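Structure first, commentary second.
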Amino acid sequence: MNGYIHGDPFDEGMLPVGNIHQIYYAQYGLKDGLPDGGPGGGTRRSNTKFFNPKIYRVVLLDQRGTGNSTPPSEIRENTTDHLLEDIETLRKHLGIGVWFMVFGGSWGSSLALLYAQEHPYRMKCIVVRGIFTFRLSEVRLAVGRQFFPDALERFINYLPENQRSEDPRHAYYMLLTSKDKSVALKAAIEWNRYDLTLTTLIPRPNAFARLADPKWNMAHALIFAHYLENNFWREDGHILKPENMAKIAHIPSIIVQGRYDMVCPPVTAWELHRQWPLSEFHMIGDAGHSASEDGTKAKLIEACDMLASI
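Using the UniProt record's numbering, read the sequence shown as starting at 1 and increasing by one per residue.
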């Protein structure tokens, strides 16, 4: 199943937020359709494939510093709270009273859940996949150490010998924030090479194609490293705290998770499901982390089709 095909966006623009940033957004599908928002990093037209263009009004946004948002790779005024405010700013700008659906995967699932917990009556349903709640237990490199020791060794050994450790991400952050742009870019490529290695269950021939894109490399590595360095501006376990889960207990949701997800291991998705009374859980037995793997993609399309009728 290849998913739905969308034409060019019927609307796109740059929305000023704060003192530095402008975020890019694009709308696809049916102008008066069910408004769906997909928070996360830089977006592409292929992100629309889960939504029937005859039913959904699909709103994509590039978070601060990523994709077409400007300035690129900017970490000033770029925190979790800023991103949540941006979703609200965009909603009001587009004249959307209530999102029909909030949709996100990986870091996008974090933003979707955080946004729902802050604005629990601003959406009717939620679809999330590859669940990430940025707990310390999730951001450690234990998975790589167990299943990708060769890739992890390369990741660590890229650093000068006196900076190598079991958790080298702070050392990478220092390289990624170097004033020497060539130093920063080379570190970004190594950071992303490791990340892409873990993404799919079956390695794909074009898995590392994006390493040739300097703009994508810097945004993807630097901004995520920036969030890691600051513990995502939340206390450990924030999303899964019972008092925060209680805020979204009334929202129907579908959780889709790859059984062999090495970026966001399934235990987090399962724990989320166990605390969410109206959640429907789907474990995809032949998938890793990527939304483009066949089983995950098919289930996400099915979920969006099904929810359109509620």
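We put the CB at the ideal spot given by N, CA and C, even for glycine. It should be emphasised that the depicted structure is a prediction, and the values quoted were computed from it without experimental measurement.
Inset, instruction - Quick one: residues in its chain with C-beta nearer than 7 Å to the C-beta of Thr66, no 5 flanking neighbours on either side, listed in chain order? - result: Gly41, Gly42, Ala219 and Ile223
Inset, instruction - State buried or exposed for Val256, treating a residue as buried only when at least 16 other CB atoms are found within 10 Å of its CB. - result: buried
Legend entry - Cross-strand partners of Val256 (DSSP beta bridge): Arg129 and His282
Legend entry - Cβ-based neighbour list, Val98, same chain, cut-off 7 Å, excluding 5 preceding and 5 following: Arg122, Met123 and Lys124
Legend entry - Exposed unless 16 or more other CB atoms sit within 10 angstroms - verdict on Met262: buried
Inset, instruction - Could you check which residue in Gly7, Ile87 and Ile5 has the C-alpha nearest to that of Ile23? - result: Ile87
Inset, instruction - Would you please state the rounded distance, in angstroms, between the beta carbons of Leu94 and Gly104? I believe it to be under 8 Å. - result: Their Cβ separation, rounded to whole angstroms, is 18 Å, which puts Leu94 and Gly104 out of contact at 8 Å.
Inset, instruction - Give the range of the alpha helix (DSSP H) segment to which Val139 is assigned. - result: Leu136 to Val139
Legend entry - Reference Asn78, options Pro242, Cys304, Ile239 and Asn230, closest by Cα: Asn230
Inset, instruction - Classify Trp233 as buried or exposed, calling it buried when 16 or more other Cβ atoms lie within 10 Å of its own Cβ. - result: exposed
Legend entry - Validate contact between the stretch 156-165 and the stretch 297-305 using beta carbons, cut 8 Å, 3 pairs: no
Inset, instruction - Put Thr197 into one of helix, strand or coil per three-state DSSP. - result: helix
Legend entry - Unbroken stretches of the beta strand (DSSP E), 3 residues or longer, contained in the stretch 60-120: 99-106
Inset, instruction - Verify whether the separation of the beta carbon atoms of Ala171 and Gln163 is less than 7 Å. - result: yes
Legend entry - Beta-carbon spacing of Leu196, Ala188 below 7 Å: no
Legend entry - Cβ pair count under 8 Å reaching 3, the stretch 240-257 against the stretch 277-292: yes
Legend entry - Own chain residues within Cβ distance below 6 Å of Pro168, not counting five before or after: Ile156 and Leu159
Legend entry - Gly37 - DSSP class collapsed to helix/strand/coil: strand
Inset, instruction - Please determine if the stretch 46-63 and the stretch 14-33 are in contact, where contact requires at least 3 C-beta pairs separated by less than 8 Å. - result: yes
Legend entry - Residues near Leu84 in its chain [Cβ-Cβ closer than 8 Å; skip 5 each side]: Leu111, Leu114, Tyr115 and Glu118
Inset, instruction - Let me know if Gly285 comes out buried or exposed under the rule of 16 or more other beta-carbons within 10 Å of its beta-carbon. - result: exposed
Inset, instruction - In the DSSP assignment, find the beta strand (DSSP E) that holds Ile23 and state where it starts and stops. - result: His21 to Gly29
Inset, instruction - My understanding is that Val139 touches Leu30, with C-beta atoms under 8 Å, so please give their C-beta distance in whole angstroms. - result: With 8 Å as the limit, Val139 and Leu30 do not qualify as a contact, their Cβ atoms being about 38 Å apart.
Inset, instruction - Report the residue from Asp180, Lys54 and Pro16 whose alpha carbon sits nearest the alpha carbon of His6. - result: Lys54
Inset, instruction - Decide if Glu243 is buried, meaning its Cβ has at least 16 other Cβ atoms within 10 Å, or exposed. - result: exposed
Legend entry - Cut-off 6 Å between Cβ atoms - residues of its own chain near Ala303, not counting five sequence neighbours on either side: Val127 and Ile254
Inset, instruction - Taking Arg193 as the reference, give the member of Glu166, Arg154 and Thr177 with the closest Cα. - result: Arg154
Inset, instruction - Counting only the same chain and skipping the five closest in sequence on each side, list residues whose C-beta sits under 7 Å from that of Leu185. - result: Pro214, Asn217 and Met218
Inset, instruction - Let me know if Asn47 comes out buried or exposed under the rule of 16 or more other beta-carbons within 10 Å of its beta-carbon. - result: buried
Inset, instruction - Could you check what DSSP says for Leu159 in three-state terms: helix, strand or coil? - result: coil
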